[in-house]
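Trainee: The structure follows.
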Amino acid sequence: MLDAIDYALIAHLQRDGRIGVVELGQAVGLSTSAVNERVRKLQARGVIRATVALADPLALGLGIAALITVTLAPGGDEAGFVAHVGGDDAVLECHHVTGAANYLLKVRVADVAALEALLTRLKRTGTVARSETQLILSTVKETTALPVPRGRP
Numbered sequence: 001m002l003d004a005i006d007y008a009l010i011a012h013l014q015r016d017g018r019i020g021v022v023e024l025g026q027a028v029g030l031s032t033s034a035v036n037e038r039v040r041k042l043q044a045r046g047v048i049r050a051t052v053a054l055a056d057p058l059a060l061g062l063g064i065a066a067l068i069t070v071t072l073a074p075g076g077d078e079a080g081f082v083a084h085v086g087g088d089d090a091v092l093e094c095h096h097v098t099g100a101a102n103y104l105l106k107v108r109v110a111d112v113a114a115l116e117a118l119l120t121r122l123k124r125t126g127t128v129a130r131s132e133t134q135l136i137l138s139t140v141k142e143t144t145a146l147p148v149p150r151g152r153p
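Every letter in the sequence shown is one number past the one before it in full-length UniProt numbering, and letter 136, counting from 1, is 136.
What follows is the structure, given as structure tokens:
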């Protein structure tokens with residue numbers, strides 16, 4: 001069970017994964033050794049899964065972002081489809097969803113030609129009956145931080 005200090009640690013680390021232990025301790029009212037121990041336990045329990053650097057997609061030449069809905073063919077190899085998208089670096093997210101489509105993908109590619117190549121790869125899996133692509137024109141909000149309950153015991 002998480003306590004209010006755990007939630008505070010998680011909130012601070014989500015904002016800045018490189019925050020120093022001293023600064024983190026000051027923010028939550030703990031010693032550095034207590035902060036280290038709590039963070040270690042949160043990691044061991046899988047509450048904190050990773051600490052990563054968030055790269056600017058434009059700086060990496062990935063100027064096209066898109067959402068793709070995928071409807072699988074009846075009786076198609078769903079496990080094969082999932083394995084395929086799981087191994088494709090252009091696919092940032094793959095969600096099994098409700099509604100008319102089976103999956104929603106978020107992808108990042110360099111250009112329209114790379115997007116077309118990605119769509120061709122998806123179709124070649126033999127399991128895709130239909131796909132629909134929406135290009136992302138601009139992003140109002142994008143975050144990796146999960147909402148952390150404040151003041152929970």
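Just so you know, even glycine gets a beta-carbon here, dropped at the ideal spot from N, CA and C.
(1) Could you check how far apart the C-beta atoms of Val-140 and Leu-105 are, in whole angstroms? I think they sit under 8 Å.
(2) Look at the alpha carbon of Tyr-103 and the alpha carbon of Ile-5, and state the distance between them as a whole number of angstroms.
(3) Taking DSSP as the reference, what is the three-state secondary structure of Val-140?
(4) Quick check on the burial criterion: 16 or more other C-beta atoms within 10 angstroms. Buried or exposed for Ala-100?
(5) Which word fits Arg-15, buried or exposed, when buried means at least 16 other C-beta atoms lie within 10 angstroms of its C-beta?
(6) With Gly-76 and Thr-127 assumed to form a contact (beta carbons below 8 Å), what rounded beta-carbon distance in angstroms separates them?
(7) With a CB to CB cut of under 6 Å and the five nearest residues on each side skipped, what residues in its chain are close to residue 166?
Mentor: Working from what's here:
(1) 20 Å between Cβ atoms; not a contact.
(2) 37 Å
(3) coil
(4) exposed
(5) exposed
(6) 3 Å
(7) As displayed, the chain neither begins before 1 nor continues past 153, which places residue 166 out of reach and without an answer.
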